[in-house]
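K.L.:
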Amino acid sequence: MCKTNRKYIGGGVSTKTVAFVPVRLTSTRLPKKHFKHIGDRMLLRWVVHRLRECRSVDQIVICAPNESESEQLREFARDHAVELFIYDGDVNDVVGRLTAAAVLYDADICVLASGDCPLLNPGTIELMVDSLRRVEDVGYVVFEPINGVFPIHEGIIVARRWMWELAEKLSNTPHLREHHFPVYVQNVYPERFAHIKRLGFRDEEVFYSLKHRISVDTPSDLDFMNRLHDVLTAAGKEFSLKGVIELIGTQPHLREINAAVHQKAYNEASVKVLYYVEASPLKKWPNGDYDTLLRALAISRALVERFGVGVRFLVQQQTARDFLEARGFTTFLGGYDTLHEVQAQFKYDTVVFALNTASEIPEGFIYALKTPLDIKTVVISNEPNDKTDVGNIASEIANL
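Residue numbers (the numbering used here): -7 to 392.
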């Protein structure tokens, strides 16, 4: 339902402010991350909680693509009294999705609040919105640096709707449409926005005192957030951005939990890998080395964390599937003969075959897979004495 809860300031100027939360449950690196818990709340619930504390926000709208997984958001939206906008366009078109929602909900000021940022600071958003309301001819707000340093904030954009509509028209490549308005946020076409006034915003100095990623894209990011939450709550303190900055100042070793995570650029291609594991799960070699499944898990974590690769598994045993999904990896159940079927659901670029010494895959099958689908293939034979570093293996796979 589209509500109109419009506010007015001096001169009768309409300033309905709507927070739009982009969510896609088929995230390549951490699927369904928005429903994963940080402490006692799901990630998405933390985002909504932060936005509810913003007095300047009139309405909260979750924006999702039209795919089957998005149906799970209907119950969340109903239970938490927020709006849900399902976009019928290209599932990868984030710019089109957000702009269409802004038009439908008749927003004057648009707040983009990323659905993977549990540490949004309500006070910052409120001040940015209030600043924009006071100056009618400005298109958007930007963070000002202090001595060349920008604040720690992630996943916050505040702009007028007409700015989003202009950006949508000028976003003319897939890379520009798949992210949060990089056409103007990253200043891709400066000459096309030269006539647009922007408002500089300087936040509290505390937010300039730490530089570290505070979004959740990988299992390590989730581990990081849960560790911060647990330490703060055990000390009777609030899980908030200021609390986290203070905590890391006294316990800097916590940064190591997700320090290796690769931050993908807006124009960086997304690589998808399907990992086919042929072994029985969790059986270790006598000397304690990884078996096939555990080794595959370690390599896949390195692919996700260090190289920004999306990984899914294909296994034959339900126990292996349960083990992998408990560790954050979407896993298909089936044999090598289901690879084409899986490709229809997960458009992988590369298949990694983790094989036993006596593999059941027929000779010539792997080579034949390359031809009709143009798929890259990697074969890893599981040997008890293989000491190859998993990071090196992941690097070779990511850079094929």
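No residue lacks a Cβ here, since even glycine has one placed at the ideal position from N, Cα and C.
Note that the structure is predicted; figures quoted are calculated from it, not measured.
Cα separation between Val103 and Trp154?
P.N.:
Counting from 1 along the sequence shown, the entry for residue 103 is found at position 111. Counting from 1 along the sequence shown, the entry for residue 154 is found at position 162. Val103 and Trp154 have their alpha carbons spaced roughly 13 Å apart.
K.L.:
So, is Pro137 buried or exposed, given that buried needs 16 or more other C-beta atoms within 10 angstroms?
P.N.:
Taking the first residue of the sequence shown as 1, we reach residue 137 at position 145. So Pro137 ends up on the exposed side.
K.L.:
Counting pairs of Cβ atoms below 8 Å between the stretch 90 to 100 and the stretch 45 to 57, do you hit three or more?
P.N.:
Cβ pair count under 8 Å is three or more, so yes.
K.L.:
What did DSSP end up calling Ser403 once you bin it into helix, strand or coil?
P.N.:
Only positions -7 to 392 of the chain appear in this structure, which leaves residue 403 out of reach.
K.L.:
Leaving out five residues on either side along the sequence, give the residues of the same chain with a beta carbon under 8 Å from the beta carbon of Tyr79.
P.N.:
The residue labelled residue 79 in the question sits at position 87 within the sequence shown. For Tyr79, where only same-chain residues beyond five positions count, the Cβ hits under 8 Å are Cys55, Ala56, Pro57, Asn58, Asp85, Gly88, Arg89, Ala92, Ala93.
K.L.:
Distance check for Asn391 and Ala261, CA to CA, integer angstroms please.
P.N.:
Counting from 1 along the sequence shown, the entry for residue 261 is found at position 269. Counting from 1 along the sequence shown, the entry for residue 391 is found at position 399. Answer to the nearest angstrom: the Cα atoms are 12 Å apart.
K.L.:
Are there three or more Cβ pairs, one per stretch, closer than 8 Å when the stretch 302 to 311 is compared with the stretch 245 to 252?
P.N.:
no
K.L.:
Could you compute how far the alpha carbon of Phe338 sits from the alpha carbon of Phe345?
P.N.:
Looking up residue 338 in the sequence shown gives position 346. Looking up residue 345 in the sequence shown gives position 353. Using only the alpha carbons, I get a separation of about 16 Å.
K.L.:
Just confirm the distance between the C-beta atoms of Val334 and Phe321, as a whole number of angstroms; I'd bet it's less than 8 Å.
P.N.:
Here residue 334 corresponds to residue number 342 of the sequence shown, with the count starting at 1. Here residue 321 corresponds to residue number 329 of the sequence shown, with the count starting at 1. With a Cβ gap of about 14 Å, Val334 and Phe321 do not count as contacting.
K.L.:
Compute the Euclidean distance between the alpha carbons of Ala186 and Asn179, then round it to the nearest angstrom.
P.N.:
Locating residue 186 in the sequence shown gives position 194, counting from the first residue. Locating residue 179 in the sequence shown gives position 187, counting from the first residue. Roughly 10 Å separates the two Cα atoms.
K.L.:
Residues in its own chain within less than 6 Å of Ala288 by CB, not counting five upstream and five downstream?
P.N.:
If you number the sequence shown from 1, residue 288 lands on position 296. Cβ within range, chain order: Tyr267, Val269, Ala346.
K.L.:
What's the C-alpha gap between Asp215 and Asp32?
P.N.:
Here the question's residue 215 lines up with position 223 in the sequence shown. Here the question's residue 32 lines up with position 40 in the sequence shown. Between the C-alpha atoms of Asp215 and Asp32 there is a straight-line separation of about 14 Å.
K.L.:
Going by beta carbon distance, what residues of the same chain come within less than 8 Å of Glu388, once the five residues before and after it are set aside?
P.N.:
Counting from 1 along the sequence shown, the entry for residue 388 is found at position 396. Closer than 8 Å at the Cβ level, and outside the excluded window around Glu388, lie Val370.
K.L.:
Mind the definition here: the stretch 136 to 150 touches the stretch 198 to 213 only if three or more C-beta pairs lie below 8 Å; say whether that holds.
P.N.:
yes
K.L.:
For the putative contact between Glu146 and Cys109, defined by C-beta atoms under 8 Å, what is the C-beta separation to the nearest angstrom?
P.N.:
For the purposes of this step, residue 146 is taken as the residue at position 154 of the sequence shown. For the purposes of this step, residue 109 is taken as the residue at position 117 of the sequence shown. About 5 Å; that satisfies the 8 Å criterion.
K.L.:
Note the first and the last residue of the continuous alpha helix (DSSP H) segment covering Thr225.
P.N.:
Numbered from its first residue, the sequence shown carries residue 225 at position 233. Start and end: 211 to 226.
K.L.:
Let me know the alpha helix (DSSP H) ranges lying completely inside the stretch 175 to 202, each 4 residues or longer, listed in chain order.
P.N.:
You should have found no qualifying run.
K.L.:
Mind reading off the beta-carbon distance from Gly326 to Lys264? Whole number of angstroms is fine, and I expect it under 8 Å.
P.N.:
Taking the first residue of the sequence shown as position 1, residue 326 is located at position 334. Taking the first residue of the sequence shown as position 1, residue 264 is located at position 272. Between Lys264 and Gly326 the Cβ distance is about 18 Å, and since that is not below 8 Å, they are no contact.
K.L.:
Is DSSP giving Pro23 helix, strand or coil here?
P.N.:
Stepping through the sequence shown from its first residue, residue 23 is reached at position 31. Correct three-state label for Pro23: coil.
K.L.:
Report the rounded CA-to-CA distance for Ser19 versus Val208, giving the unit in angstroms.
P.N.:
If you number the sequence shown from 1, residue 19 lands on position 27. If you number the sequence shown from 1, residue 208 lands on position 216. The straight-line gap from Cα to Cα measures roughly 11 Å.
K.L.:
To the nearest angstrom, report how far apart Ile188 and Glu170 are at their CA atoms.
P.N.:
For this step, residue 188 is matched to residue 196 along the sequence shown. For this step, residue 170 is matched to residue 178 along the sequence shown. Going from the Cα of Ile188 to the Cα of Glu170 covers about 23 Å.
K.L.:
Using a 10 Å radius around the Cβ and a threshold of 16 neighbouring Cβ atoms, would you call Gly81 buried or exposed?
P.N.:
In the sequence shown, counting from the first residue as 1, residue 81 sits at position 89. Exposed, by the Cβ-count rule.
K.L.:
On the three-state DSSP scale, how would you describe Ile149?
P.N.:
Translated into positions along the sequence shown, residue 149 becomes position 157. Reduced to three states, the DSSP call for Ile149 is strand.
K.L.:
Which residues in the same chain as Glu160 place their Cβ atom closer than 6 Å to its Cβ, once the five residues preceding and following it in sequence are excluded?
P.N.:
Position 168 of the sequence shown, counted from the start, is the residue given in the question as residue 160. If we look at Glu160 and ignore the five residues flanking it on each side, its Cβ neighbours are Val87, Thr91.
K.L.:
If we ignore side chains and look at the alpha-carbon of each, how far apart do Glu75 and Ser292 end up?
P.N.:
The residue given as residue 75 occupies position 83 in the sequence shown. The residue given as residue 292 occupies position 300 in the sequence shown. Roughly 36 Å separates the two Cα atoms.
K.L.:
From which residue to which residue does the beta strand (DSSP E) around Thr323 run?
P.N.:
Residue mapping note: residue 323 aligns to position 331 of the sequence shown, counting from 1. Here the beta strand (DSSP E) through Thr323 covers 323 to 325.
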